[in-house]
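According to my numbering, the stretch in the first sequence is residues 12 to 574, in order.
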Amino acid sequence: MDVKKILSSQLNIDGVSQDEIYAMITETANSDLGDFSLPCFRFAKALKKSPVQIAEQLKESFGGCQIVKEVRAVNGYLNFFVDNTVLAYSVLAEARQENFGASEVGKGKTVCIDYSSINIAKPFHIGHLGTTAIGGSLYKLLKKQGYDVVGINHLGDWGTQFGKLIVAYDLWGDKEKIEQGGVEALQEIYVKFHREEETNPELTEQARRWFAKIEQGDERALQLFGWFKDITLKEVNKIYKRLNVTFDSYAGESFYNDKMQPVLDELESKGLVKVSDGAKIVDLEEYGMSPCLLVKADGATLYATRDLAAAYYRKNTYDFYKSLYVVAYQQNLHFKQVFKVLELLGNDWAKDCIHVAYGMVSLAEGSMSTRKGNVVWLSKVLDSAVEKAKQIIHDKNPALKDKDDVAEKIGVGAVIFSALQNARIKDITFSLDKVLNFEGETCPYLQYTYARTNSVLNKAGNAINARIAPDFDSLQSDESKQLVKLINKYPSVIADAAEKYEPSILSKYLIDLAQAYNKFYIGHRILDEELSRQIPRLYATDAVNKIIKDGLALLGIDVPEQM
RNA sequence: GUGCCUGUAGCUCAGCAGGAUAGAGCAACGGCCUUCUAAGCCGUGGGUCAGGGGUUCGAAUCCCUUCAGGCACGCCA
């Protein structure tokens, strides 16, 4: 229930719209002062009265409603005290409904999300965790908001590195070894190629020729290329499954090979193309940007050219309302350029293309480099996290059922959560120790709280459905009030997270909710109470149970029923 | 050099379409399990919100500026 809306609808101030009043009502930091507050200072000039007078007047004219217990005018603030019995009654009823938190604001609109976008034959390392986890969560958040969502894995499946890989395979590759070793085995020969290449430029030349053969459709070249692709996808799909991430399209770079020329033609016909040092560019100087490179001096297309073709393809195919690119902030300029070129081409939908940038992942030990083979494989990080979870289960709850399943959920959840708990723009120095810390503001803490609510609900049996009038007066403590308020916020938190493309808003909220519940749990016996007082507490427990499960699912994280 | 991003407790971060006394977690120290899961809860200490100026009744939040760190800036993606 939107308390601010109820309050603002009861307030009338000359020359100020209801929406403006709504926006000005804040939650009060100090609960002694009330639950919600309207500062009246800004109205002083227009009304030619002091804020103190205005607050007094508003207090007098406030019609009153069930939810408000008391209104006070204090030092120019109009403070509202909410009646928690009434609030708890309606909030807990809402929270028990099936689709609590869902919305239909996106109904009939399609959002494309380009995320994860891995490279073929390259390791899935912790650097890919950010885009995969953020994109995967946005996918679910936007669906929850009613949008049709298209998840696109823009595969990096084009470029001279595939020529290199073929050369490396012919020289040092072993079919069986690679079938078994997968991407890691491919990486080995790739890294070797780069070492050898430094002293033997002939290799570089050979690689170039092989890549040209792929382009020309040479049978053997395509066959090997397809094989590398299969190996990679097979392996990566296992990780996606663990991360609860899905895609609707794997149209990658190679897919756009035959779709760039029409875009280039259009650019030419609109007079946007310039030739500079033999390369074709779009000059963006008047917009304060360096030029967007379209075609190299040797005639080859570039990254930006493919992104332009992809943008058109997505618009034509999906008629998107928004098209998101979950890509690290290193590429800020690139996307600014591409979007500007789309705009210069006269596409009003250019404004709907949004670069959802996120921070860098670095290692405490130094930078990652695929070529040097200095990477932290995500599958290994997931495995260590699961291993750690197993150890802790062994220490704390050796009698637990389905230990392996629970450990998987806890371990993988911890890793995903580490990528989603902070604002996405923040850089991350990856530390396994930190990911493996299971105490405090962590995913295991949320899962533990969920398991705790499960335990209470199971022990309560059918009491929650007893035909006895619940006594909501039993939720008057500060802890209860705090908890009810947070439960009430869930739908707006999802809306906010979806609107800002920021899953961390949800992560932070879930931590707050779990903290509030744990305080409530410690401070209030639930099952010892008589039924009429027990039921509201079970409602609250049930709401927390559902929200944590649903909220974590929106982050791509599973919950164990017990732990 | 230019543009963008970041700077809040020892560490990691919330708070930033301005509102009342700046909040969590980790780490440290001290408490709470014969009672619903102690992966929990309570308490203690810890702050020039990077520095300076400005706007405002009011600034961590907006503007200017300086400093520090990161990223990007033509033929990689």
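Each residue gets a CB set at the ideal place from its N, CA and C atoms; glycine is no exception.
Predicted model, so just to flag it, every value in this text is computed and none were measured.
Whole-angstrom distance between residue j and residue i, CA atom to CA atom
{"i": "Lys-500", "j": "Lys-530", "result": "18 Å"}
{"i": "Lys-399", "j": "Asn-130", "result": "29 Å"}
{"i": "Glu-230", "j": "Lys-224", "result": "9 Å"}
{"i": "Gln-217", "j": "Asp-394", "result": "38 Å"}
{"i": "Ser-518", "j": "Ala-434", "result": "10 Å"}
{"i": "Ser-148", "j": "Val-337", "result": "11 Å"}
{"i": "Thr-552", "j": "Val-93", "result": "21 Å"}
{"i": "Phe-236", "j": "Gly-141", "result": "27 Å"}
{"i": "Ile-479", "j": "Ala-66", "result": "42 Å"}
{"i": "Val-79", "j": "Thr-121", "result": "40 Å"}
{"i": "Ala-84", "j": "Lys-496", "result": "23 Å"}
{"i": "Lys-414", "j": "Ile-145", "result": "28 Å"}
{"i": "Gly-194", "j": "Pro-273", "result": "First, the amino acid is wrong: residue 194 is Val here, not Gly. Cα-Cα distance, rounded: 35 Å."}
{"i": "Ser-390", "j": "Glu-450", "result": "23 Å"}
{"i": "Pro-62", "j": "Ile-32", "result": "15 Å"}
{"i": "Glu-115", "j": "Tyr-369", "result": "27 Å"}
{"i": "Glu-513", "j": "Asp-25", "result": "37 Å"}
{"i": "Gly-75", "j": "Phe-47", "result": "14 Å"}
{"i": "Ala-508", "j": "Gly-562", "result": "11 Å"}
{"i": "Ala-471", "j": "Met-574", "result": "19 Å"}
{"i": "Arg-544", "j": "Ala-554", "result": "16 Å"}
{"i": "Val-293", "j": "Ser-334", "result": "22 Å"}
{"i": "Thr-243", "j": "Ala-474", "result": "52 Å"}
{"i": "Lys-133", "j": "Ile-439", "result": "22 Å"}
{"i": "Phe-239", "j": "Lys-252", "result": "20 Å"}
{"i": "Phe-222", "j": "Val-352", "result": "29 Å"}
{"i": "Ile-214", "j": "Leu-197", "result": "A small correction: the amino acid at residue 214 is Leu; Ile does not occupy that position in the sequence shown. Distance between the alpha carbons of Leu-214 and Leu-197: 17 Å."}
{"i": "Gly-117", "j": "Glu-510", "result": "11 Å"}
{"i": "Asn-211", "j": "Val-202", "result": "14 Å"}
{"i": "Glu-208", "j": "Tyr-158", "result": "49 Å"}
For residue i, the three-state DSSP class (helix, strand or coil)
{"i": "Asn-95", "result": "helix"}
{"i": "Asn-130", "result": "strand"}
{"i": "Leu-542", "result": "helix"}
{"i": "Leu-235", "result": "helix"}
{"i": "Thr-312", "result": "strand"}
{"i": "Ile-163", "result": "strand"}
{"i": "Asp-294", "result": "coil"}
{"i": "Leu-565", "result": "helix"}
{"i": "Lys-577", "result": "Since the first residue of the chain shown is 12 and the last is 574, residue 577 is not available in this structure."}
{"i": "Lys-188", "result": "helix"}
{"i": "Ala-509", "result": "helix"}
{"i": "Tyr-158", "result": "coil"}
{"i": "Val-397", "result": "helix"}
{"i": "Tyr-369", "result": "strand"}
{"i": "Val-306", "result": "strand"}
{"i": "Lys-118", "result": "coil"}
{"i": "Asp-484", "result": "helix"}
{"i": "Asp-13", "result": "coil"}
{"i": "Leu-22", "result": "coil"}
{"i": "Leu-356", "result": "coil"}
{"i": "His-205", "result": "helix"}
{"i": "Trp-221", "result": "helix"}
When the options are compared against residue i, the one with the closest alpha-carbon
{"i": "Asp-309", "options": "Ser-442, Lys-291, Gln-227, Ala-57", "result": "Lys-291"}
{"i": "Thr-464", "options": "Ile-533, His-366, Asp-269", "result": "Ile-533"}
{"i": "Gln-526", "options": "Ile-559, Ile-124, Asp-444", "result": "Ile-559"}
{"i": "Lys-15", "options": "Asp-25, Glu-490, Tyr-369, Ile-36", "result": "Ile-36"}
{"i": "Ala-113", "options": "Glu-572, Ile-537, Ile-505", "result": "Ile-505"}
{"i": "Phe-204", "options": "Lys-186, Leu-182, Ile-189", "result": "Leu-182"}
{"i": "Met-371", "options": "Gln-342, Lys-391, Val-392", "result": "Gln-342"}
{"i": "Met-12", "options": "Tyr-100, Leu-44, Glu-31, His-366", "result": "Tyr-100"}
{"i": "Ser-491", "options": "Asn-358, Asn-95, Gly-45", "result": "Asn-95"}
{"i": "Glu-452", "options": "Lys-240, Phe-222, Asp-523, Asn-86", "result": "Asp-523"}
{"i": "Asp-330", "options": "Arg-206, Lys-557, Ala-361, Lys-186", "result": "Ala-361"}
{"i": "Leu-233", "options": "Ser-265, Arg-206, Val-247, Val-97", "result": "Ser-265"}
heavy atom of the ligand FMN below 7 Å from residue i C-beta
{"i": "Thr-257", "result": "Looking for the ligand FMN in the displayed structure turns up nothing, as the structure carries no ligands at all."}
Ordered list of beta strand (DSSP E) runs contained in the segment 399 to 467, each at least 3 residues: 439 to 441
Segment contact flag, the segment 482 to 491 with the segment 540 to 555, C-beta cutoff 8 Å, min 3 pairs: yes
Three-pair Cβ contact test at 8 Å for the segment 160 to 177 versus the segment 423 to 434: no
Every unbroken alpha helix (DSSP H) inside the segment 26 to 100 [4 residues or more]: 29 to 35, 55 to 58, 62 to 72
Three-pair Cβ contact test at 8 Å for the segment 314 to 322 versus the segment 93 to 113: no
The segment 282 to 298 in contact with the segment 174 to 193 per 3-pair CB rule at 8 Å: no
Any 3 or more C-beta pairs closer than 8 Å across the segment 151 to 170 and the segment 250 to 260: yes
Touching by the beta-carbon criterion (3+ pairs, under 8 Å), the segment 406 to 420 and the segment 346 to 354: no
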